[in-house]
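Peer 1:
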Ligand code: UD1
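Residue numbers (the working numbering): 1 to 429.
1) Looking at the unbroken alpha helix (DSSP H) that takes in residue 197, where does it start and where does it end?
2) Tell me, to the nearest whole angstrom, how far the beta carbon of residue 57 is from that of residue 50; I am working on the premise that it is less than 8 Å.
3) Helix, strand or coil for residue 500? Go by DSSP, reduced to three states.
4) Could you give the residue range of the beta strand (DSSP E) that holds residue 365?
5) Closest by CA to residue 310, which one among 373, 131, 268?
6) What separation, rounded to the nearest whole angstrom, lies between the Cα atoms of residue 331 and residue 375?
7) Excluding sequence positions up to five away, which residues of its chain have a Cβ less than 6 Å from the Cβ of residue 429?
8) Can you list, in chain order, the residues of its chain with a C-beta nearer than 6 Å to that of residue 361? Leave out the 5 residues immediately preceding and following it.
9) Should the stretch 279-289 be called in touch with the stretch 250-268, which here means at least 3 C-beta pairs below 8 Å?
10) If you count every other CB in all the chains shown that lies within 10 Å of the CB of residue 350, and 16 or more means buried, which is it?
11) Just to confirm before moving on: does the CB-CB distance between residue 24 and residue 231 stay below 9 Å?
12) Excluding sequence positions up to five away, which residues of its chain have a Cβ less than 6 Å from the Cβ of residue 239?
13) Report back the beta-carbon spacing between residue 155 and residue 180 to the nearest angstrom; my notes put them in contact at under 8 Å.
14) Say the cut is 8 Å; is the CB of residue 305 nearer than that to a heavy atom of the ligand UD1?
15) Measure the C-alpha to C-alpha separation of residue 89 and residue 26 and round it to an integer number of angstroms.
16) Please state whether DSSP places residue 399 in a helix, a strand or coil.
17) On the CB-based measure, 16 or more other CB atoms within 10 Å of its CB, does residue 152 come out buried or exposed?
18) Going by the C-beta, is residue 232 closer than 8 Å to any heavy atom of the ligand UD1?
19) So, with DSSP's three-state summary, where would you put residue 44?
20) What does the alpha-carbon distance come out to for the pair residue 8 and residue 244?
21) By Cβ distance, which residues of its chain are closer than 6 Å to residue 75, with the 5 residues on each side in sequence left out?
22) For the alpha helix (DSSP H) holding residue 103, just list the boundary residues, first then last.
23) Please name the residue in 36, 322, 45 whose C-alpha comes closest to that of residue 61.
24) Is residue 240 helix, strand or coil when you go by DSSP?
25) Taking the alpha carbon of residue 419 as the reference point, which residue from 389, 398, 73, 219 has its own alpha carbon closest?
26) Can you have a look at residue 66 and say buried or exposed, based on whether 16 or more other CB atoms are within 10 angstroms of its CB?
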């Protein structure tokens, strides 16, 4: 067991390098199944979700080689299409991309229901309907296994009832090698959807319109290997930008695509921070205390739900009354009770939280309820007076590479501490 210990109140200063996007790379790794060839992917973040996905690919017969710190080479020529059990899929949501990729390659797939962060009910009906529209018969088997079967996936017109990132990506994976044309209407426009389309196209696929709400996929017979670099992580970048602003610091966030950051930059500016965009970096500088603002999370290009908890931490000590509305998930405010333990004044009513900004937070023992809620606890600890201990940090390791070392590089007084039954031991870095 490990926890993160933070002595707060130090404004972050310096430069930080952003890694590859978690939500993009998990789709890209799944897509390698579609080519019986070698794909070399660069800018792979060193996070536990990626390690688990590489483990699953290896278990299914892929030849997986790590070349240096952030590059992986994968050959899926000798791949088997056996069951992917719950033991392997329970750790993260993106394991459902194995359904689309296996179905796209073999015409059948058997993958257990995905795990992932608990934001209330997270249905996958749009994925299932999409597979059915491509010709799959779908069965729900024992041990939560979803089984897809078809002679040959066939293109179709698919209208998504809700804008779903996962369903859009899964349908693209399933349709890339289907016979005929697939059109997805009301598609998600997130940067990782575009990244997957670019990756598939560099493997010889024909995917057009990604980044708009209509995506057209002309199925091709074969896909070949390629070399590709994953886009930077919008949410990791947004987390460091928010941490910089929340501590009244001055940080250059390097290796980002500023266009992807606009909704986040705009809210930081509204709160009183200065945000300067360069070609592939963003400078955030903030006064000691920020101002209130109103945020509603929406599908891209709206404000991302995956940045809502980090802003929850920031706004808890901003001057005035802020309102956070969650527009995507049913239950994403659980972490607010942990901020209240730190002295925040917050009322939650369904999908709306009202935050009366307090002058400062106070250090406390808090829990990471999920990945981004964990990032919010780290930001709160950096802002707070005194010592904060964040527990259940395995959630944070799912999606943040070296978060402690990166924050230390910005001057934060933060460390990991291993907790044994008989005592505790510091861990460097
Ligand atoms: C992905 C991201 C997650 C992010 C979310 C929203 C990955 C691995 N995860 O999750 O980090 O928070 O997008 O940007 O990329 N819905 C349905 N039926 C479905 C699918 C979704 O009703 O079949 C609903 C969901 O309950 C939610 C909304 O649609 O209310 C959006 O969900 P979706 O975009 O699918 O999120 P995920 O792909 O699970």
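In this text, a Cβ means the ideal position worked out from N, Cα and C, and glycines have one as well.
Peer 2: Inspection of the coordinates gives the following:
1) 191-202
2) With a Cβ gap of about 11 Å, residue 57 and residue 50 do not count as contacting.
3) No answer is possible for residue 500: the residues shown for the chain start at 1 and end at 429.
4) 365-367
5) 373
6) 17 Å
7) Below a pLDDT of 50, predicted positions are generally treated as unreliable, and residue 429, at 49, falls in that range; no measurement from the model is reported.
8) 317, 342, 343, 380, 383, 384
9) yes
10) exposed
11) yes
12) 310, 375
13) 3 Å
14) yes
15) 13 Å
16) helix
17) exposed
18) no
19) coil
20) 13 Å
21) 38, 63
22) 97-106
23) 36
24) helix
25) 389
26) exposed
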